[in-house]
Each structure stands twice: as C-alpha cells, then as structure tokens.
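Written out below as structure tokens is the structure these notes cover.
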Amino acid sequence: MLAKSTEYAIRALVFIQLQNWQDKRTGVVEIAKEIEAPEAFTAKVLQTLTKHRIIASMKGRGGGFFFTETSDQMTLFQVIQVMEGESIFHKCGFGLKNCSDANPCPMHDKYRTIRDGFFAIAQSETIHSLSRKVSEGKAVLNRVSFLN
169 MLAKSTEYAI
179 RALVFIQLQN
189 WQDKRTGVVE
199 IAKEIEAPEA
209 FTAKVLQTLT
219 KHRIIASMKG
229 RGGGFFFTET
239 SDQMTLFQVI
249 QVMEGESIFH
259 KCGFGLKNCS
269 DANPCPMHDK
279 YRTIRDGFFA
289 IAQSETIHSL
299 SRKVSEGKAV
309 LNRVSFLN
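Each residue of the sequence shown is one higher than the one before, starting from 169 at the first, in this note's numbering.
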C-alpha cells in the first residue's frame, strides 16, 4: 500500500526514536543497515524528513539524527502526508481514476473498508507508539535484533 520511501521513512523514524531513548544520535549508514535499506535511498528519505522538520540532524562529533521534544508524537498520517501525500487514502484498489460509490470498481466496497481502516491506524499510531512496541519486545523493526 505504501511507497518504499514511506516504508523506509517510518522504519527509520522508529529506529531513530529507539536510539534517542538511549541518548544516542545515529547516522545514515547505521540507519540504512538497521532498516535494511540502501544507503543512498535512506539518505534521500532522511533529507526529506529533515527538510519537513520531522527530525533534526547535527553534524560532527556526537551528531546524527534526532527528534525534538514534540516531533516524536508525529502520527503515521503526518509522515505519509510528507512522503507521498494523502492520495493513498483516496485511491481505487483496482486502479481506476473514476471509481466512486456511484461508479464502483469490482473491489470498491471491500477495498474502501481496508483503506478506511488503514486511515484510522495512520491517524492513531505515532512514531512514539510504534517505537514503544519495539522497545517492549512486542514488535520487531527488522530481521536482525539491534537491541542486544
């Protein structure tokens, strides 16, 4: 459902949050490794997130990416808006341009339920809430455990 760049952005933000909770700031190379994404692509994603002030960055010794005091409460919806806009929450599951209640595609009713459910999740989950699940061992960020 989400673009690769958005998936990487969400994973990167969760990893950055986990690192920040340990009073660490992490760089592009480590983030890319931990979220299993190409470095160059990760750098572009992080640049977009920084440009939109979702995260901040600092260069030099002790530098890296970090959240400000309020930015960790960012919802998934806000991240998705920055990375790819809101169209994902309005698109037809069949790919039709003019799909609507009056002109439904073959999947319209069932896909609308899924899309609306995902919209509700995106509005209620935050980077903080997702990070907390990983931190508590209730979820994983990747196939390799980095918390050991």
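Where a beta carbon is used, it is the ideal one built from N, C-alpha and C, also for glycine. Keep in mind that this is a model prediction, so the values were computed, not measured.
Chain B contact for residue i (CB, 7 Å cutoff)
i	result
Met-226	No chain B appears in this structure, which consists of one protein chain only.
6 Å Cβ shell around residue i - same chain, five flanking residues per side excluded
i	result
Ile-256	none
Residues near residue i by beta carbon distance below 8 Å, same chain, minus five either side
i	result
Gly-161	What the structure shows of the chain is the stretch from 169 to 316, and residue 161 is not part of that stretch, so it cannot be assessed.
Residue i, buried or exposed, once every other Cβ within 10 Å from all chains shown has been counted against 16
i	result
Gln-291	exposed
Phe-235	buried
Val-182	buried
Met-251	buried
Which listed residue (the options) has its alpha carbon closest to that of residue i
i	options	result
Gln-322	Leu-264, Phe-209, Ile-222, Arg-229	Nothing in the structure corresponds to residue 322, since the chain is present only between 169 and 316.
Phe-287	Val-197, Ile-184, Phe-235, His-258	His-258
Met-242	Gln-215, Val-308, Gln-185	Gln-185
Glu-175	Glu-198, Asn-271, Leu-217, Arg-193	Leu-217
Residues of its chain near residue i, where Cβ-Cβ distance is below 7 Å and the 5 sequence neighbours each way are ignored
i	result
Cys-260	Cys-267, Cys-273
Ile-178	Leu-244, Val-247
Contiguous alpha helix (DSSP H) assignments of at least 4 residues, all confined to the region 221-247: none
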